[in-house]
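Worksheet: the structure to be examined is printed underneath.
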């Protein structure tokens, strides 16, 4: 964190139990980086990219890398937070050429 900006980076590795089928993943390796900027006390904007690759047990099934890109903003006033997130998934669910986009709106209230 430096002033109003925050940067982040992480790596992960998940070892999964397997059932000996061609759709079973053995491991999932991932990395993520993100940046957040607090424009003022009420408004924040962020950008992040996460990449992960599922390794299959059987060599007959190709390993596919999934990439998720996210742009988000949140506005907070009192106990109310309004947020929007735009997400782009490339090779969703580790399926080649399966691209998905989503937009999520969130309203949170604290009493």
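Residue numbers (the numbering used here): 167 to 277. Where a beta carbon is used, it is the ideal one built from N, C-alpha and C, also for glycine.
Residue i vs residue j beta-carbon contact at 8 Å
i, j, result
"residue 200", "residue 177", "no"
"residue 255", "residue 230", "no"
"residue 248", "residue 275", "no"
"residue 218", "residue 236", "no"
"residue 172", "residue 180", "no"
"residue 241", "residue 208", "yes"
"residue 204", "residue 260", "no"
Local conformation of residue i per DSSP, three classes
i, result
"residue 201", "strand"
"residue 248", "strand"
"residue 258", "helix"
"residue 269", "strand"
"residue 171", "strand"
"residue 182", "coil"
"residue 208", "coil"
"residue 228", "coil"
Cβ separation of residue i and residue j, assumed to be a contact under 8 Å, to the nearest whole Å
i, j, result
"residue 253", "residue 264", "14 Å between Cβ atoms; not a contact."
"residue 239", "residue 211", "5 Å"
Residues bridged to residue i (per DSSP)
i, result
"residue 253", "236, 268"
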